[in-house]
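Residue numbering for the sequence shown follows the numbering used here, beginning at 253 and increasing consecutively.
Cβ coordinates follow ideal geometry from the N, Cα and C atoms, glycine included.
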Amino acid sequence: MSKPCPICNKPATAAHKPFCSKRCTQLDLGKWLNGAYAIPSEEEPDEVELQSLYNEEHDQYGS
């Protein structure tokens with residue numbers, strides 16, 4: 253049993269898998285291109301955090 257279309261929950265078709273139609277495929281692409289979807293990531297440390305990490309390493313290893 254295949255999963256339903258992630259956009260409209262209708263049965264997926266082989267031609268547009270994992271979607272049910274070209275319309276749902278295009279809607280999904282539009283969401284990616286407009287930034288509606290995003291892959292989560294950790295924020296990069298700011299300057300204060302970087303300096304703190306550098307100081308800790310310097311104190312610990314003396315380099």
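Exercise for the section: Sort out for me which residues DSSP pairs Pro292 with in a bridge. Expected result: Paired residues: none, contrary to the question.
Problem - alpha helix (DSSP H) segment containing His310, residue limits - result: 299-313
Exercise for the section: For Cys260, count neighbouring Cβ atoms within 10 angstroms of its own Cβ and tell me buried if that reaches 16, exposed if not. Expected result: exposed
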